[in-house]
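Residue numbers (the UniProt record's numbering): 1 to 333.
Written out as structure tokens, the structure reads:
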């Protein structure tokens, strides 16, 4: 029994459940009562009561995680927690709903708990531009770059998402693919998916292959169901595609199922590439070719930036290397 089970049983989002468990504000009495009742019925007991959590938060680093479907974030959290623990720092994790304003949530948390520093796993740039000036503690954005935001207390660590996406397209082109579709994110979405889509567009254009966004791109939330629906729509209108590039592994897994459900095979009929190198990509059938962001390295650098910020260091923006993990989901034409 964990926070996801409580969310499912209560009918509320993981962000709301997390706020109740952590004793945070901005939860209706009705929601709080319902969630607490579900917790009692399920025998769920948080590790600490609200008073202890508040005392703990004042001597801890706070992490805000967007949604629960991003397995890359799960892969980062463990090593990040371990690295901070080695330095004597505790990490308190708050899960937010996918559409939440993470900066506003952090500001509310700051007022209630006074953490020593903050870490954001996932983030929407406009929220940082609008309100991050209210955040008073050193912070780190992980998997997206904050270099262009120019915020004095916000560091970041990420790969070069555009370059990684270009590398995927060049890999497919080198194997004879010209009809390549892209799924995931939104053309008006967050910075990370925008950069990945831009990288795909530019790499194709440099090789004289235009990406028709109306025909060959399908937006999708970063969920298995999002990947399934996006791939189904894309293949329905662009049946001549020989490859699909999913902007996240979780989207690729949904796409894999959609391709098979149409009576096609991967890579026999359609090649497939993901992004993130989550553990599932190593055990799916076939194993999915994907971009590794080296989660443990991201976690290590994030911990270093947190500690540097807490020691009074200036904001820094770190770019770590990516790697294409060639597996079984791409064939040469």
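We put the beta carbon where it would ideally sit given N, CA and C, even for glycine. Because the structure is a prediction, the values reported are computed rather than measured.
CB contact check: residue i to chain C, cutoff 8 Å
i	result
residue 143	Absent from the structure is chain C; it holds one protein chain and no more.
Residue i, buried or exposed, once every other Cβ within 10 Å from all chains shown has been counted against 16
i	result
residue 49	Residue placement at residue 49 cannot be trusted, given a pLDDT of 48 that sits under 50; the coordinates are not used to answer.
residue 237	exposed
residue 4	exposed
residue 18	buried
residue 51	Legend: pLDDT at residue 51 = 47, less than 50; position of this residue unreliable, no value from coordinates given.
residue 113	buried
residue 102	buried
residue 156	buried
residue 71	buried
residue 7	buried
residue 192	buried
residue 226	buried
residue 309	buried
residue 111	exposed
residue 313	exposed
residue 212	exposed
residue 311	exposed
residue 264	exposed
residue 220	buried
residue 134	exposed
residue 75	buried
residue 124	buried
Top-ranked residue by Cα proximity to residue i, from the options
i	options	result
residue 289	120, 210, 260, 249	249
residue 222	195, 186, 232, 213	186
residue 271	211, 100, 292, 181	181
residue 73	143, 191, 160	143
residue 195	296, 159, 215	159
residue 173	206, 150, 151, 147	206
residue 65	315, 210, 122, 309	122
residue 138	304, 80, 324	304
residue 106	75, 83, 141, 178	141
residue 22	59, 94, 210, 226	94
residue 224	147, 325, 216, 247	247
residue 99	126, 83, 108, 67	67
residue 169	136, 204, 135, 147	204
residue 108	125, 124, 136, 82	136
residue 325	171, 296, 307	171
residue 154	322, 307, 239	307
residue 269	329, 33, 323, 82	329
residue 43	2, 147, 161	2
Sub-8 Å separation of residue i and residue j beta-carbons
i	j	result
residue 145	residue 317	yes
residue 284	residue 253	yes
residue 333	residue 208	no
residue 214	residue 183	no
residue 61	residue 36	no
residue 275	residue 291	yes
residue 299	residue 151	no
residue 257	residue 286	no
residue 131	residue 104	yes
residue 302	residue 80	yes
residue 149	residue 128	yes
residue 338	residue 9	The structure shown does not extend to residue 338, since the chain is modelled only from 1 through 333, so no value can be given for it.
residue 179	residue 267	no
residue 241	residue 262	no
residue 319	residue 297	no
Per DSSP, the bridge partner or partners of residue i
i	result
residue 16	Partner(s): none; residue 16 has no beta bridge.
residue 265	Residue 265 is not bridged to any residue.
residue 274	290
residue 44	None; residue 44 has no bridge partner.
residue 155	140
residue 180	243
residue 227	BP columns for residue 227 are empty, so no partner.
residue 185	220
residue 167	Note: residue 167 sits in no beta bridge, so no partner.
residue 60	90
residue 96	66
residue 121	65, 142
residue 207	Residue 207 pairs with nothing; no bridge assigned.
Near the ligand ATP: residue i beta-carbon under 7 Å from a heavy atom
i	result
residue 10	The model depicted lacks the ligand ATP and carries no ligand whatsoever.
query: Below 8 Å, can you find three or more Cβ-Cβ pairs linking the region 165 to 174 to the region 188 to 208?
result: Yes, they touch.
query: Three or more beta-carbon pairs under 8 Å between the region 13 to 23 and the region 77 to 89, yes or no?
result: Result no; under three Cβ-Cβ pairs closer than 8 Å.
Inter-stretch contact (C-beta, 8 Å, three-pair minimum) for the region 107 to 125 and the region 271 to 282: Between the region 107 to 125 and the region 271 to 282, the count of Cβ pairs shorter than 8 Å is below three; the stretches do not touch.
message: Check whether the region 251 to 265 and the region 224 to 232 are in contact - that is, three or more C-beta pairs closer than 8 Å.
response: When C-beta atoms of the region 251 to 265 are compared with those of the region 224 to 232, three or more pairs fall below 8 Å, so the two segments count as touching.
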